[in-house]
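Using our numbering, read the sequence shown as starting at 1 and increasing by one per residue.
Positions of the beta carbon are idealized from the N, C-alpha and C atoms, including for glycine.
Because the structure is a prediction, the values reported are computed rather than measured.
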Amino acid sequence: MDGDRGNPHRLLYSLVNGSDGAFEINATSGAIVVTRSPAQLQREAYELHVQVTEVSSAGSPAAQATVPVTIRIVDLNNHPPTFYGESGPQNRFELSVYEHPPQGETLRGLKIIVNDSDQGANARFNLQLVGLGGVFRVVPQTVLNEAQVTIIVENSDAIDFEKFQVLTFKFRAPAADLGRNRGGGEGYRRLPYPHSLSAPLTSLSRTGGGAEGGYSAMCPVKVERRRFVKIHLIS
């Protein structure tokens with residue numbers, strides 16, 4: 001704004017530096033517009049310098065002023081959590097465990113990484129296992145950006161060959177702050193597909209007594225002397 005009274009001079013606007021080609025300014029109105037797609041805005045903040053030139057009635061520059069303008073880029077919550085195995089993104093994980101594993105034991109043979117590509121608070125989400133209640137516990141229960149996922153036995157008695165031949169569990173990733181309802185009306189993160197875990201129990205035949213349990217188990221991979229459950233994790 002030109003503070004002169006009576007016949008204020010015309011003002012021209014220009015960007016001196018700081019935009020990196022991501023922004024332009026209207027020379028007469030001073031409106032700043034974005035010239036790149038949101039995906040191409042790599043900074044969290046842009047420090048622009050706007051030069052304002054007062055043009056005299058004769059058409060020549062009369063006075064100039066420069067003002068700093070800060071534009072902050074707010075991240076959109078538009079990336080769902082993705083689960084990765086050893087070979088890349090994966091929506092199904094499988095393993096075999098003996099029935100009645102010790103309470104608190106970690107399911108071995110699983111390498112699961114979960115990642116959310118959003119930034120800041122938008123990358124925070126909870127991690128839950130949905131299925132037969134109280135059998136397994138997932139760690140961690142809250143994730144920021146990325147974490148390695150661990151499944152821990154909570155109820156050894158429920159992992160019983162006579163009760164179940166297949167146990168199926170699904171991962172669910174609700175937003176950590178449900179009050180803000182990020183990513184959906186119910187506050188849940190959008191997942192590209194369900195992530196789950198299932199465990200079929202392989203049939204066994206009695207081979208004899210003894211402290212080892214006296215069982216031989218037939219499975220596609222190997223023969224064991226105890227009964228086992230095959231676990232499928234679907235993400």
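Boundaries of the beta strand (DSSP E) around Phe125: Arg124 to Asn126.
Non-local beta-carbon contacts of Glu44 in its own chain, meaning distances under 6 Å to residues more than five positions away in sequence, involve Ile73 in chain order. Of the residues assessed, Val166 falls on the exposed side of the cut-off, its CB having fewer than 16 other CB atoms within 10 angstroms. In the three-state reduction of the DSSP assignment, Ala175 falls in the strand class, which pools E and B. Rounded to the nearest angstrom, the gap between the Cα atoms of Ser56 and Val33 is 27 Å. Rounded to whole angstroms, the separation of the alpha carbons of Leu41 and Asp118 is 14 Å.
In the DSSP assignment, no residue is bridged to Ala62.
Across the structure, Gly21 and Tyr46 are spaced so that their CA atoms are roughly 11 Å apart. In this structure, Val153 sits away from Gly88, with a CB-CB distance that is not shorter than 8 Å. Cβ atoms of Phe125 and Pro174 come within 8 Å of each other, at about 7 Å.
Taking Phe169 as reference, the option from Gln51, Leu132 and Gly30 with the minimal CA-CA separation is Leu132. If you ignore the 5 residues before and after Ser29, its C-beta comes within less than 8 Å of the C-beta of Tyr13, all in its own chain and listed in chain order. Counted as a single uninterrupted DSSP element, the stretch harbouring Phe164 is not any beta strand (DSSP E), since DSSP gives it neither H nor E.
For Pro102 and Ala158, the gap between their C-alpha atoms comes out near 12 Å. Excluding its 5 nearest sequence neighbours in each direction, Ala123 has C-beta neighbours in its own chain below 7 Å: Asp116, Leu144 and Asn145, listed in chain order.
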